[in-house]
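Going by the numbering used here, the first residue of the sequence shown is number 358, and it counts up by one from there.
Notes follow once the structure below has been shown.
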Amino acid sequence: MKIAFYSAQSYDKTYFDQANTSQEIRYLEARLEPHTVGLAAGCTAVCLFVNDQANAEAIQEFSKLGIKLIALRCAGFNNVDIEAAKACGIPVVKVPAYSPHAIAEHAVALILTLDRKTHKAYNRVRDGNFSLERLIGFDLFGKTVGVVGTGKIGAVFCEIMLGFGCKVLAYDIAANAALQAKGVQYVPLTDLLAQSDIVSLHCPLTPETRHLVNPDSVKAMKPGAMLINTSRGGLVDSSAVIDALKSGQLGYLGIDVYEQEEKLFARDLSDTIIQDDLILQLMTFPNVLITAHQAYLTEEALREIARITLLNIAAFEKGAVLTNQVVL
Ligand code: NAD
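Next comes the structure, spelled out in structure tokens:
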């Protein structure tokens, strides 16, 4: 089957080429945008990532081009209009889990870096500056960590934080009994925000969770708390967190995702004038750490993403049941 593979990076090509035995993959550097839909002409399937915008118009154009399958190589599907795909008779498949450890461990990396300021220490020491001034952190042991969304990634994250000796509070629309048995306490969101020293977001982006972190919820947080978002940028109202960082209400912010990330992330913009004023402002704060949607980027995850995506495509080709189909 011919597959138009949008937003291809060198590492995608490496891992998909290793796993691929029968598909003809057309690697496209371009993201899926209205003017790049036509690059899929002659293909039967498209393979998309998190910042490829498959809105109703794009899907209708794909349908006219003869695209029969949308294969997401990610877990989240908020960037695809599932109803529009259904109306066009195009199934959407995803990779429901590839390595929840990769994302949970990256959330921990953001916490430890913000807390112990290892990024600052690294630069200081390289510059011959061995001063310890302004590098004071805090013990994670005994702190309260609030986890919003205890699915696959959130559950791994809870277990890691329990291992650090933290008290773990959780909020989810469905409690996980196995986590409760290990000591995780489910509480209403307002209680979680009020009591947590660190809040980490692991729920999907849906109409209900959009701007879950907003001016009101930031005010409800413990003063000086740390907010970590490795889930989706749209969960956080960036202007609200900027105001809270300026007032000191929010003590630290670690993000791997950003609401307007599709114009920025996974690109080298070091030679250009960045036009996004919100990210420019966030980049200036000493207590903000931004990574460019790399939480999933481990060898294990990339291998699994390629393997499952190609299995999903092969199942469609054979007319088999699509176990990883997105159904609303
Ligand atoms: P999952 O489906 O296993 O878990 C999501 C959890 O969120 C579920 O327990 C669900 O009940 C809960 N939830 C849903 N709606 C909620 C709401 N309104 N309030 C509170 N909880 C709610 O998903 P997962 O595999 O753990 O992934 C979580 C998210 O992580 C994905 O949706 C995706 O956005 C993000 N993600 C990010 C990266 C990255 O590289 N940064 C990689 C993979 C996934």
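Even for Gly, the Cβ is constructed at its ideal location relative to N, Cα and C.
Going by CA-CA distance only, name the one from Arg-483, Leu-497, Ala-454, Pro-448 that's closest to Thr-470. Nearest C-alpha to Thr-470 among Arg-483, Leu-497, Ala-454, Pro-448: Leu-497.
How about Val-449 and Val-683: do their beta carbons lie closer than 7 Å? Contact flag set, yes.
N- and C-terminal bounds of the beta strand (DSSP E) containing Phe-362: Looking at the DSSP string, the run of the beta strand (DSSP E) that includes Phe-362 is 359 to 362.
Going by the C-beta, is Asp-529 closer than 6 Å to any heavy atom of the ligand NAD? Asp-529 Cβ: within cutoff of the ligand NAD.
Report the three-state DSSP secondary structure of Leu-519 (helix, strand or coil). Reduced to three states, the DSSP call for Leu-519 is helix.
Is the beta carbon of Val-505 less than 7 Å from the beta carbon of Leu-526? It is not a contact, given that the beta carbons lie outside the stated cut-off.
Val-394 to Gln-552 span [Cα, whole Å]: Rounded to the nearest angstrom, the two C-alpha atoms are 47 Å apart.
Run through DSSP, which three-state label would Val-669 get? Per the sequence shown, residue 669 should be read as Asn rather than Val. In the structure shown, Asn-669 sits in a helix (DSSP, three-state: H, G or I).
Does the CB of Leu-562 have a neighbour CB from chain C at under 7 Å? Of the protein chains in this structure there is only one, and it is not chain C.
Going by DSSP, what residue range makes up the beta strand (DSSP E) through Ile-631? Neither: Ile-631 is in no beta strand (DSSP E) and is coded neither H nor E.
Using the Cβ count rule (16 or more neighbours within 10 Å means buried), how would you classify Gln-537? Exposed, because fewer than 16 other Cβ atoms sit within 10 Å of the Cβ of Gln-537.
Going by beta-carbon coordinates alone, are Val-407 and Cys-431 separated by less than 7 Å? In contact: Val-407 and Cys-431 (Cβ atoms closer than 7 Å).
Taking all protein chains shown into account, decide if Glu-618 is buried (16 or more other Cβ within 10 angstroms of its Cβ) or exposed. It is buried - the Cβ of Glu-618 has at least 16 other Cβ atoms within 10 Å.
So Ile-439 is in the alpha helix (DSSP H); what residue range does that whole segment cover? For Ile-439, the uninterrupted alpha helix (DSSP H) segment begins and ends at 439 to 444.
Under the three-state reduction of DSSP, which class applies to Gly-540: helix, strand or coil? Gly-540 falls in the coil class under three-state DSSP.
Could you check how far apart the C-beta atoms of Ala-413 and Ala-441 are, in whole angstroms? I think they sit under 8 Å. Approximately 4 Å separates the beta-carbon atoms of Ala-413 and Ala-441; this is inside 8 Å, confirming the contact.
For Thr-501, which three-state DSSP category applies? Note: Thr-501 maps to strand in three-state DSSP.
List the whole-angstrom C-beta distance separating Tyr-609 from Asn-644, where the pair is believed to meet the contact cut-off of C-beta under 8 Å. 5 Å between Cβ atoms; contact.
Tell me, which residues are paired with Leu-607 by DSSP? By DSSP's assignment, Leu-607 forms a beta bridge with Ala-582.
Quick one, which of Cys-445, Lys-500, Lys-421 has its alpha-carbon nearest Gly-399's? Selected option, being the one with the closest Cα: Lys-421.
Hey, how far is the Cα of Ser-574 from the Cα of Leu-546? The straight-line gap from Cα to Cα measures roughly 9 Å.
On the DSSP bridge list, what partners appear for Val-645? Leu-610.
Are there 16 or more other CB atoms within 10 angstroms of the CB of Ala-534, so buried, or fewer, so exposed? Counting Cβ neighbours within 10 Å, Ala-534 comes out exposed, since fewer than 16 surround it.
If I measure Cβ to Cβ from Ala-601 and keep anything under 6 Å in the same chain, skipping five residues before and after, which residues do I get? The answer, listed in chain order, is Val-575, Leu-607.
Answer yes or no: the CB of Glu-565 versus the heavy atoms of the ligand NAD, is any distance below 6 Å? True, at least one ligand heavy atom lies under 6 Å from that Cβ.
Check Tyr-653 in the structure and name its three-state DSSP category. Here Tyr-653 carries a coil assignment [DSSP, helix/strand/coil].
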